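Note that UniProt numbering numbers the sequence shown so that position 33 is 33, with each residue one more than the last.
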Amino acid sequence: KHDSFLEEEAEDAFLLTYPRNGSLVGTSVAHTLHYCLFYHYLAPEDRLSSHKGIMKAFEVC
């Protein structure tokens, strides 16, 4: 929801330049990691959007 809000409000130039391609529901862990790395690289580990948190939860490398 937060990404959608930023797109609608045109507050994030990155999201306007590189719009999202849809929902992550039903996608693979690899696709979700790619999304999180691309759009939320600096998210802290304790956030759901953090690639570090996902890697830790799914024991990826």
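Built from N, CA and C at the ideal position, the CB exists for glycine as well. Please read all numbers here as calculations on a predicted model, not as lab measurements.
Exposure of histidine 31, with buried meaning 16 or more beta-carbon neighbours within 10 Å
exposed
For histidine 31, does the three-state DSSP call read helix, strand or coil?
Three-state result, histidine 31: helix.
Cutting at 8 Å between CB atoms, please list the residues of its own chain near phenylalanine 14, excluding the five before and the five after it.
Same-chain partners within the cutoff: Tyr39.
Pull up the distance between the alpha-carbon of leucine 16 and that of glycine 22, whole angstroms please.
14 Å
Drop a sphere of 10 angstroms on the beta-carbon of serine 28, count the other beta-carbons inside from all chains shown, and report buried for 16 or more, exposed for fewer.
With a threshold of 16 other beta carbon atoms within 10 Å, serine 28 falls short and is exposed.
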